[in-house]
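Enquirer:
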Amino acid sequence: VESHDMHLDKLDARLAANLHEINILVVSSSRWFFRTNYLYEDGKLIGCIYCSEDNITSFSVISAIQRVFRTAISNLNSRRESRLQLTVVRTATPAHFENGQWNTGGTCNRTEPVGEGTAMTSTSEREIRDVQVEEANRAQKEKKQKGGMNIEILDITKLMSMRPDAHPGIHWNNEWMRGYSDCSHWCLPGPIDMWNELLLAVLYKYKKNVEVQ
1 VESHDMHLDK
11 LDARLAANLH
21 EINILVVSSS
31 RWFFRTNYLY
41 EDGKLIGCIY
51 CSEDNITSFS
61 VISAIQRVFR
71 TAISNLNSRR
81 ESRLQLTVVR
91 TATPAHFENG
101 QWNTGGTCNR
111 TEPVGEGTAM
121 TSTSEREIRD
131 VQVEEANRAQ
141 KEKKQKGGMN
151 IEILDITKLM
161 SMRPDAHPGI
171 HWNNEWMRGY
181 SDCSHWCLPG
191 PIDMWNELLL
201 AVLYKYKKNV
211 EVQ
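Residues in the sequence shown are numbered from 1 upward in steps of one, following full-length UniProt numbering.
#1: In terms of alpha-carbon separation, which member of Asn196, Ile62, Lys208 lies closest to Ser122?
#2: On a Cα-Cα basis, can you pick out the residue from Leu198, Arg178, Glu21, Asn37 that is closest to Trp102?
#3: Whose C-alpha, out of Arg138, Met194, Ala201, is nearest the C-alpha of Leu159?
#4: In whole angstroms, give me the CA-to-CA distance for Met100 and Thr107.
#5: For the region 8-20 against the region 60-75, are there 3 or more C-beta pairs whose distance is under 8 angstroms?
#6: Hey, is the region 144-154 in contact with the region 110-129, meaning 3+ C-beta pairs nearer than 8 angstroms?
#7: Is the Cβ of Asn209 closer than 8 angstroms to any Cβ of chain C?
#8: Between the region 47-54 and the region 109-119, can you find at least three pairs of beta-carbon atoms closer than 8 angstroms?
#9: Contact check, Pro191 vs Arg163 under 8 angstroms by CB: the rounded distance?
#10: Does the contact criterion of 3 or more C-beta pairs under 8 angstroms hold for the region 20-33 versus the region 80-87?
#11: Contact defined as beta carbons within less than 8 angstroms: I believe Ser184 pairs with Ala95. What is the distance between those atoms, to the nearest angstrom?
#12: Return the Cβ separation of Glu135 and Arg70 in integer angstroms, given the expectation that the two are a contact with Cβ distance under 8 angstroms.
#13: Have a look at the DSSP bridge pairing and note the partners of Glu98.
#14: Quick check: the Cα distance between Ala186 and Ser161, rounded to an integer number of angstroms?
#15: Have a look at Gly169, Lys208, His167, Ile156 and flag the residue whose alpha-carbon is nearest the alpha-carbon of Leu198.
#16: Whole angstroms is fine: what's the gap from Leu200's alpha carbon to Val89's?
#17: As a quick exercise: from Asn18, Leu19, Asn37, pick the residue whose alpha carbon is nearest that of Glu2.
#18: DSSP state of Glu2, grouped into three classes?
#19: Mind checking Asp182: buried by the 16 CB within 10 Å criterion, or exposed?
#20: Once DSSP output is grouped into helix, strand and coil, what is the label at Thr71?
#21: Taking the C-alpha atoms as reference points, what is the distance between Ala166 and Phe34?
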């Protein structure tokens, strides 16, 4: 699996270059942190995730995600050239591998949702959701004190923990990964429709406040 360089104190350059064209932004990230990432601050290497190299500080996925979300939201709110009026933080969604992981025979063969009492979410996925909500709440408090863009949370982690039946599984038709199940991505009908309905409810709330510029 390829590694990536991650700058904890900078907004993604492609996003920053296009902020003057964006009024509403949905921010979401979690899955791609679970691989080798080299972490930089002020242009200097300060640590890594899953690298196990001598003389490099090891960071947890949770701490890196929290730093990235704090940096992203803070930078988005401070850019004067931005037309951004509303940022929606969408929380992490759980994978549902059973009897193994993606590379050890894990599958997701369920055909029905599970009840709230048997919802399937790992500890790390709950922790990711918690730090994402924490950073969004922090930004909401700053907005009340200092003004700036609106922040909303699209908290779908618990909802999706009850949908182990909604992954492509062995039917994802990837010719390079035959024999493996996809239990982390989602089928388009159903789950994604629900996310869109929740997002539309947020947009409806701000329909009088957000103007296309």
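Beta carbons are placed, not taken as given, at the ideal position from N, Cα and C, and that holds for glycine. Note that this is a predicted model, so its numbers are computed, not measured.
Expert: Straight from the coordinates:
#1: Sequence index remark: in the sequence shown, residue 122 carries index 122 (1-based). Of the candidates Asn196, Ile62, Lys208, the one whose C-alpha sits nearest the C-alpha of Ser122 is Ile62.
#2: On the sequence shown, position 102 is the one that residue 102 refers to. Checked all of Leu198, Arg178, Glu21, Asn37; the closest Cα to Trp102 is Arg178.
#3: Position 159 of the sequence shown, counted from the start, is the residue given in the question as residue 159. Considering only alpha carbons, the answer is Met194.
#4: Residue mapping note: residue 100 aligns to position 100 of the sequence shown, counting from 1. Residue mapping note: residue 107 aligns to position 107 of the sequence shown, counting from 1. The residue asked about is misnamed: residue 100 is Gly in this sequence, not Met. Going from the Cα of Gly100 to the Cα of Thr107 covers about 7 angstroms.
#5: yes
#6: no
#7: Judged by its chain identifiers, the structure shown contains no chain C, having just a single protein chain.
#8: no
#9: Taking the first residue of the sequence shown as position 1, residue 191 is located at position 191. Taking the first residue of the sequence shown as position 1, residue 163 is located at position 163. Indeed they touch by this definition, with Cβ atoms about 6 angstroms apart.
#10: yes
#11: To locate residue 184, count along the sequence shown from 1; it is residue 184. To locate residue 95, count along the sequence shown from 1; it is residue 95. Right, the Cβ-Cβ distance comes to about 4 angstroms (below 8 angstroms), so this counts as a contact.
#12: Start at 1 with the first residue of the sequence shown, and residue 135 comes out as number 135. Start at 1 with the first residue of the sequence shown, and residue 70 comes out as number 70. So it is a contact: roughly 5 angstroms between Cβ atoms.
#13: Within the sequence shown, the letter at position 98 stands for residue 98. Bridge partners of Glu98 according to DSSP: Thr107.
#14: As a first step, residue 186 must be located in the sequence shown, where it is residue number 186. As a first step, residue 161 must be located in the sequence shown, where it is residue number 161. According to the sequence shown, residue 186 is Trp rather than Ala. Rounded to whole angstroms, Trp186 to Ser161 spans 12 angstroms at the Cα level.
#15: If you number the sequence shown from 1, residue 198 lands on position 198. For Leu198, the nearest C-alpha among the options comes from Ile156.
#16: Your numbering for residue 200 matches position 200 in the sequence shown. Your numbering for residue 89 matches position 89 in the sequence shown. Using only the alpha carbons, I get a separation of about 14 angstroms.
#17: Numbered from its first residue, the sequence shown carries residue 2 at position 2. Per the Cα distances, Asn37.
#18: Residue numbering aside, residue 2 sits at position 2 when the sequence shown is read from its first letter. In the structure shown, Glu2 sits in coil (DSSP, three-state: anything other than H, G, I, E or B).
#19: Along the sequence shown, one-based indexing puts residue 182 at 182. Looking at its Cβ environment, which holds 16 or more other Cβ atoms inside 10 Å, Asp182 is buried.
#20: As a working mapping, residue 71 is identified with position 71 in the sequence shown. Correct three-state label for Thr71: helix.
#21: Position 166 of the sequence shown, counted from the first residue, corresponds to residue 166. Position 34 of the sequence shown, counted from the first residue, corresponds to residue 34. Between Ala166 and Phe34, the C-alpha separation is close to 22 angstroms.
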